[in-house]
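A.B. asks: Each residue of the sequence shown is one higher than the one before, counting from 121 in the numbering used here. All residues carry an ideal CB built from backbone N, CA and C; glycine is no exception. Note that the structure is a prediction, hence the values are computed from the model and not measured. One structure follows; several queries about it will come next.
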Amino acid sequence: AFGAEAIRLSSNINEFEKMLLNPAVGLVNDYSFLVTFAEVFSGTKQRIGNRLNDRAIISAPDLEKLSYEERVRKAEHESLILILARPATTTSGNSRTVEVIASIELRLQPCDAKIPFSIPWLDRVERKLVKLFNLVSFNTSNNNIQPYLSNLCVDEKFRGQKIGRGLVRCVENIAKTSWGYDKMYLHVDEENPAALNLYKSEGYCRCNRRWNPFWSGP
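Structure (structure tokens):
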């Protein structure tokens, strides 16, 4: 998550050591945040552009007659991002601006438990590394591609009004009626009880844990 520390200083070092290390740790954490933000922003912008250039704006990517690798490459460049917003008037009286309330993303992903990057080539690099060094204990060659729910965000001012639940049901309906799938999967932080309760109450069940190579953090 944005704002999470990339590095935390151990609690068993003394204050002098902390004083010496804190500036370096701060620089590393700031750099990590900027890289993560740039990666997410760039990837999301690209996928939105690809979708807006598609006349069939709600339909799933056409994966017919493609090999597995071709299907993955096509799917990773396209997603459906829904944004809930309302008109907002600025102090200058400009009524053309909007206030974003919530957003959600629906895309197609291989069912290998990997959390996708926003920039596709990073996914391909990570999959190759995991396969090369055998870094995960479960099957990473699952050729099944399914709808994947991600980036569900609701502005703090509007939480508690079941907006997130409504968006989840909206993309479920799209995945079923427009895309023709009967399953959808996602990743959720076990330390986020609100999100866990939401998905459990909507009928989602735990089927696996995410990839956990050493570089992905706890």
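(1) Indicate whether R244 and S199 have their beta-carbon atoms separated by less than 8 angstroms.
(2) Does the Cβ-Cβ distance between I221 and F278 come in under 8 angstroms?
(3) Under 8 angstroms, Cβ to Cβ, is there at least one residue of chain D near A314?
(4) What's the gap between the Cα of P267 and the Cα of W241?
(5) Does the beta-carbon distance from G284 to L272 come in below 8 angstroms?
(6) For S187, collect the residues of the same chain with a Cβ closer than 7 angstroms to its Cβ; drop the 5 residues on either side in sequence, then sort them by chain order.
(7) Just to confirm before moving on: does the CB-CB distance between A195 and W299 stay below 8 angstroms?
(8) Does the distance from the CB of V288 to the CB of E310 come in under 8 angstroms?
(9) Per DSSP, what kind of secondary structure is R247 in: helix, strand or coil?
C.D. replies: Result, derived from the coordinates:
(1) no
(2) yes
(3) Looking for chain D here will not work: only one protein chain is present.
(4) 20 angstroms
(5) yes
(6) none
(7) no
(8) no
(9) helix
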